[in-house]
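Peer 1:
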Amino acid sequence: MTGRRHDPDRRSRIIDVCLDLIAEVGVAGVSHRKVAAAADVPLGSMTYHFAGMDELLREAFGRFARAGSDGFEQRMSEATDLESARAAVVAIITQDVFGTQRDLVLTHELYTLASREPAYRELTNAWMARSRAALERHFDPVTARLLDALIEGLTIHRALDTEAPRPGTVTEAVRRITTPA
Numbered sequence: 000m001t002g003r004r005h006d007p008d009r010r011s012r013i014i015d016v017c018l019d020l021i022a023e024v025g026v027a028g029v030s031h032r033k034v035a036a037a038a039d040v041p042l043g044s045m046t047y048h049f050a051g052m053d054e055l056l057r058e059a060f061g062r063f064a065r066a067g068s069d070g071f072e073q074r075m076s077e078a079t080d081l082e083s084a085r086a087a088v089v090a091i092i093t094q095d096v097f098g099t100q101r102d103l104v105l106t107h108e109l110y111t112l113a114s115r116e117p118a119y120r121e122l123t124n125a126w127m128a129r130s131r132a133a134l135e136r137h138f139d140p141v142t143a144r145l146l147d148a149l150i151e152g153l154t155i156h157r158a159l160d161t162e163a164p165r166p167g168t169v170t171e172a173v174r175r176i177t178t179p180a
């Protein structure tokens, strides 16, 4: 008789694998069985660690959103003046947000769930609140809200547009929003 396999990172690994599967097949294509197989855990581990698929998805998207917010806060915390804050926003748009196809898909899968389910909207609202708070280190609240919307919009356009963006567009947009009237 073999003993229990010691696997203290199992729950975390399941969450990471769930995110990978969502990026690969979308939320609709994810099941407990597929996650368990990909994470190399017994199917029973899924119900041991998570009350259901909704709890697993909320945990996975919560982890994803926190990681995105952490990177955003890190980038903004490195800015020391208006010009470096503007440059940080440009870098967030051009390098950080949707830096990979995986991030693009995960973000849009989360947005789709949040548009229908209040529990996921709580995740996106917390993400936006952290983003705005990081921006408010350097910009007034109205400008921070405008920049947050600009970041979302331009990253979506950059990720989905079939034409390459015109050089300097992002920098110009950030400058326009952050220049007092």
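Numbering-wise, numbering that gives the first Met the number 0 puts 129 at position 130 of the sequence shown, and it's gapless, one number per residue. C-beta atoms are modelled at their ideal positions from N, C-alpha and C, and glycine is treated no differently.
1) So is GLU162 buried or exposed if we call it buried at 16+ other beta carbons inside 10 Å?
2) Go ahead and label SER83 buried or exposed: buried means 16 or more other beta carbons lie within 10 angstroms of its beta carbon, across all protein chains shown.
3) Name the two residues that bound the continuous alpha helix (DSSP H) containing ILE176.
4) If you follow the alpha helix (DSSP H) that GLU151 is in, where does it begin and where does it stop?
5) Near LEU105, what residues of its chain come up, given a Cβ to Cβ distance below 8 Å and the 5 sequence neighbours on each side ignored?
6) Just to confirm the assignment, what range does the alpha helix (DSSP H) spanning ILE14 have?
7) Which first and last residues belong to the alpha helix (DSSP H) in which PRO117 is found?
8) Rounded to whole angstroms, what's the CA-CA distance from GLU116 to ARG57? Just pull it up for me.
9) Grouping DSSP H, G and I as helix and E and B as strand, with all else coil, what is ALA78?
10) Using three-state DSSP, classify GLU234 as helix, strand or coil.
11) For GLY167, decide whether its Cβ has a neighbour in chain C, counting only Cβ atoms nearer than 9 Å.
12) Tell whether a beta-carbon distance below 9 Å holds between ARG174 and ARG85.
13) On the CB-based measure, 16 or more other CB atoms within 10 Å of its CB, does ALA87 come out buried or exposed?
Peer 2: In terms of the structure at hand:
1) Within the sequence shown, numbered from 1, the residue matching residue 162 stands at position 163. With fewer than 16 other Cβ atoms within 10 Å, it is exposed.
2) On the sequence shown, residue 83 is found 84 positions in, with the first residue counted as 1. Burial call: exposed.
3) Within the sequence shown, numbered from 1, the residue matching residue 176 stands at position 177. First-last of the alpha helix (DSSP H) with ILE176: 168-177.
4) Within the sequence shown, residue 151 is the residue found at index 152, counting from 1. Looking at the DSSP string, the run of the alpha helix (DSSP H) that includes GLU151 is 140-159.
5) Start at 1 with the first residue of the sequence shown, and residue 105 comes out as number 106. The beta carbon of LEU105 lies closer than 8 Å to those of LEU18, ILE21, ALA22, PHE60 and PHE63 in the same chain, with the five residues before and after it left out.
6) Stepping through the sequence shown from its first residue, residue 14 is reached at position 15. Residues 9-24.
7) Here residue 117 is taken as the residue at index 118 of the sequence shown, counted from 1. Here the alpha helix (DSSP H) through PRO117 covers 117-134.
8) By 1-based counting over the sequence shown, the position of residue 116 is 117. By 1-based counting over the sequence shown, the position of residue 57 is 58. So the alpha carbons of these two residues sit roughly 11 Å apart.
9) What you label residue 78 is simply residue 79 of the sequence shown in a count that begins at 1. Residue state, collapsed to three classes: coil.
10) Since the first residue shown for the chain is 0 and the last is 180, residue 234 is missing from the structure and cannot be characterised.
11) Absence of chain C from the displayed structure is noted, only one protein chain being present.
12) For the purposes of this step, residue 174 is taken as residue 175 along the sequence shown, with counting starting at 1. For the purposes of this step, residue 85 is taken as residue 86 along the sequence shown, with counting starting at 1. For ARG174 and ARG85, yes; Cβs fall inside 9 Å.
13) One-based indexing of the sequence shown puts residue 87 at position 88. Note on ALA87: 16 or more other CB atoms within 10 angstroms of its CB, so buried under the neighbour-count rule.
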